[in-house]
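Working notes, structure below.
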């Protein structure tokens, strides 16, 4: 067939914290400005480009909630920064409706179960003027496979060849998730004919904006690429800031230091709604905040304990208090994804059931201290999280969890750390906060493979279930869309029934700009943000 288409103590004084952050924000942005000016002053050619661009049309300051360590899309997860800033592009991409559409490939054909043929869009050039050719696409994909350990598993690449205007990719086995996975930002197409060692700071891609300078964990500068294949970019230049603290990101909008910010959290949305000075865009996201239980050790090696935990959580109350468009998740995939959410026997709050399950597992409150115990020891669990990233602990949800689980007789300690890598690696935890894009490429395969399949790289709970593994493997070799949806639904029900995780909330993707901004991007998957059409009124 041929498809075509264009971790900290949570009880702090909020007001005092905000005042402190305003001061820090001013210092932070002032230092950035000095750094940028010094950098530009030593690079006259880049300074000239920026000056010319800013004179022509419009400059915008935007804030992302996370940067990769570099700007090389083949490194780790760093490509996400480039898609959010409209710098890099892939063969296919995911649109506002979670549909795969053509980008650098204008059509493709699934020739057979292991062969994919992509027609490379004609008339596209890299940001240095070099033409995008099938050979360039082949070289870029091969580079990603070599550099990024996720790449090989994502594509299961057997070979990649060029046939005229086409790139032909063969997989080692039938792989139904191939097309979705090639939309992952690690497969942003770059010009490998130049010195690729410079890509950590200034990658050469095909998007509407090109990078001119980069200050890691701080900011980077881009200017419009005038020969962009998709039309003239609406802005002339953009400064992209890395502002990972949620409150600081919101304050940067209020102070006017940024024009547009991504990922405004629930506690800050009220600052901008019903305010004529701002534009708020919200859409149902595909990012789920959930808990991973370590089933290799007590107490969660006992299924009854896992199910008791999940029955003691009042999901709807958590979502309501968190607010900002958050909805109760209760399942591993959001209701917006086509995986039979309404037909699932989802996780539900049932305090009586939780207490009965605890009793069945031998836990009772024998000393009337409010906590259940067994063999003279209270049931006490530690929940670990961080202040940011995909183990970010939602402070509101954490406080509610502590209270709700106490009602069931479970003592909870919330522990927030700067980094959880060693804890995850060594399995030295009871429960972990997780915050994942569960439909990261518009498909379920990646999340199921990584988080639930035996030996998965993100399977921190050490889940291992033959029936579930069989379904995930079957999914990998299934191409029919409806059948893939059915298999994902079956896998979801096993995950729920076995108590593999506690699915708290699905956060809305909320982006905010000042009222001068037009065409701000807002996508279910949050690695898209700035677009070629985003502009600012003078």
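In UniProt numbering, the protein residues as written are 1 to 538.
Just so you know, even glycine gets a beta-carbon here, dropped at the ideal spot from N, CA and C.
From a predicted model like this one, the values you see are computed outputs, not experimental measurements.
Problem - Alpha-carbon spacing of residue 198 relative to residue 188, whole angstroms - result: Rounded to whole angstroms, residue 198 to residue 188 spans 16 Å at the Cα level.
Problem - Cβ-based burial, residue 138 [other Cβ within 10 Å; buried from 16] - result: A residue is called buried once 16 or more other Cβ atoms fall within 10 Å of its Cβ, and residue 138 is buried on that count.
Exercise for the section: State the Cα-Cα distance for the pair residue 237 and residue 163, rounded to the nearest angstrom. Expected result: Whole-angstrom Cα-Cα distance: 37 Å.
Problem - DSSP beta-bridge partners of residue 211 - result: According to DSSP, which records beta bridges pairwise, residue 211 is partnered with 222.
Exercise for the section: Please determine, among 362, 274 and 296, the residue with the shortest C-alpha to C-alpha distance to residue 547. Expected result: Residue numbering for the chain in the displayed model covers 1 to 538; residue 547 lies beyond these limits and cannot be assessed.
Problem - Contained alpha helix (DSSP H) runs [length at least 4] in the region 366-431, N- to C-terminal order - result: If we require 4 residues or more, the alpha helix (DSSP H) runs fully inside the region 366-431 come out as 395-407 and 421-426.
Practice task
Tell me whether residue 548 is buried or exposed, calling it buried when 16 or more other Cβ atoms sit within 10 Å of its Cβ.
Solution key: Since the displayed the chain opens at 1 and closes at 538, residue 548 lies outside it and no answer follows.
Exercise for the section: State the start and end residues of the unbroken beta strand (DSSP E) segment that holds residue 315. Expected result: No beta strand (DSSP E) holds residue 315; the alpha helix (DSSP H) holding it covers 315-322.
Practice task
Kindly indicate which residue of 157, 136 and 125 has the alpha-carbon position closest to the one of residue 116.
Solution key: Minimum Cα distance to residue 116 is reached at 157.
Practice task
Would you mind reading off the limits of the alpha helix (DSSP H) that contains residue 449?
Solution key: Looking at the DSSP string, the run of the alpha helix (DSSP H) that includes residue 449 is 445-451.
Exercise for the section: Go ahead and label residue 501 buried or exposed: buried means 16 or more other beta carbons lie within 10 angstroms of its beta carbon, across all protein chains shown. Expected result: By the neighbour-count rule (16 or more Cβ atoms within 10 Å), residue 501 is buried.
Handout entry: Whole-angstrom distance between residue 392 and residue 7, CA atom to CA atom
Key = With a pLDDT of only 27 at residue 7, under the threshold of 50, the placement of this residue in the model should not be trusted, and no figure is reported.
Exercise for the section: Answer with buried or exposed for residue 588, where buried requires no fewer than 16 other C-beta atoms within 10 angstroms of its C-beta. Expected result: There is no way to answer for residue 588, as the model of the chain reaches only from 1 to 538.
Handout entry: residue 149 versus residue 359: straight-line alpha-carbon distance, rounded
Key = Going by the C-alpha atoms only, they are around 45 Å apart.
Exercise for the section: Would you identify the three-state DSSP class for residue 530, choosing helix, strand or coil? Expected result: Under the three-state reduction of DSSP output, residue 530 falls in the coil class, being neither helix nor strand.
Practice task
Can you tell me which of 127, 413, 325 and 299 puts its alpha carbon nearest to the alpha carbon of residue 373?
Solution key: The alpha carbon of residue 373 has as its nearest neighbour, out of 127, 413, 325 and 299, the alpha carbon of 299.
Problem - Beta-carbon spacing of residue 505, residue 322 below 8 Å - result: Yes, they are a contact pair.
Handout entry: Bounding residues of the alpha helix (DSSP H) (the contiguous stretch that carries residue 311)
Key = Taken as a continuous stretch (DSSP letters only), the alpha helix (DSSP H) holding residue 311 covers 303-311.
Problem - N- and C-terminal bounds of the alpha helix (DSSP H) containing residue 546 - result: Given a span of 1 to 538 for the chain in the structure shown, any question on residue 546 remains unanswerable.
Problem - Nearest-angstrom Cβ-Cβ length linking residue 125 and residue 275, presumed shorter than 8 Å - result: Contact between residue 125 and residue 275 fails: their C-beta atoms lie close to 42 Å from each other, not under 8 Å.
Practice task
Would you give the residue range spanned by the beta strand (DSSP E) that residue 346 belongs to?
Solution key: Where residue 346 is concerned, there is no enclosing beta strand (DSSP E), given that its DSSP letter is neither H nor E.
Exercise for the section: Can you tell me the Cβ-Cβ gap for residue 477 and residue 176, rounded? I've got them flagged as a contact below 8 Å. Expected result: At roughly 6 Å, the Cβ-Cβ gap stays under 8 Å, so residue 477 and residue 176 are in contact.
Problem - Opening and closing residue of the beta strand (DSSP E) in which residue 137 lies - result: From DSSP, residue 137 is part of no beta strand (DSSP E) but of the alpha helix (DSSP H) over 134-147.
Exercise for the section: Please say whether residue 225 and residue 127 have beta carbons closer to each other than 8 Å? Expected result: Taking a C-beta distance under 8 Å as the contact criterion, residue 127 and residue 225 qualify as a contact pair.
Practice task
Use the C-beta contact count for residue 530: other C-beta atoms within 10 angstroms, 16 or more gives buried, fewer gives exposed.
Solution key: Counting Cβ neighbours within 10 Å, residue 530 comes out buried, since at least 16 surround it.
Handout entry: For residue 176, the three-state DSSP class (helix, strand or coil)
Key = Three-state result, residue 176: coil.
Exercise for the section: Please confirm whether residue 378 and residue 411 have their CB atoms less than 8 Å apart. Expected result: Cβ distance < 8 Å, so residue 378 and residue 411 count as in contact.
Practice task
Give the DSSP-derived three-state secondary structure of residue 31 in the structure shown.
Solution key: Below a pLDDT of 50, predicted positions are generally treated as unreliable, and residue 31, at 45, falls in that range; the measurement from the model is reported next regardless. Collapsing the DSSP output to three states places residue 31 in a helix.
Exercise for the section: Report the rounded CA-to-CA distance for residue 5 versus residue 109, giving the unit in angstroms. Expected result: Because the pLDDT of residue 5 is 34, which lies under 50, any placement of that residue in the model is unreliable, and the number read from its coordinates should be weighed accordingly. Just so you know, the alpha carbons of residue 5 and residue 109 end up roughly 13 Å apart.
Problem - Through-space distance from residue 259 to residue 315, alpha-carbon basis - result: Rounded to the nearest whole angstrom, the CA to CA distance from residue 315 to residue 259 is 34 Å.
Problem - Helix, strand or coil at residue 80 [DSSP, three-state] - result: Correct three-state label for residue 80: helix.
Handout entry: Through-space distance from residue 60 to residue 211, alpha-carbon basis
Key = It is roughly 14 Å from the alpha-carbon of residue 211 to the alpha-carbon of residue 60.
Problem - Same chain, Cβ closer than 7 Å to residue 503, neighbours up to 5 away in sequence not counted - result: Within the same chain, residue 503 has close Cβ partners 288, 290, 329, 330, 331, 332 and 347.
Practice task
Going by CA-CA distance only, name the one from 516, 442 and 308 that's closest to residue 256.
Solution key: Of all alpha-carbon atoms in 516, 442 and 308, the one lying nearest the alpha-carbon of residue 256 is that of 516.
Problem - Run of the beta strand (DSSP E) containing residue 262, from where it starts to where it stops - result: Where residue 262 is concerned, there is no enclosing beta strand (DSSP E), given that its DSSP letter is neither H nor E.
Exercise for the section: Tell me where the beta strand (DSSP E) around residue 105 begins and ends. Expected result: Run containing residue 105: 105-112, per the beta strand (DSSP E) assignment.
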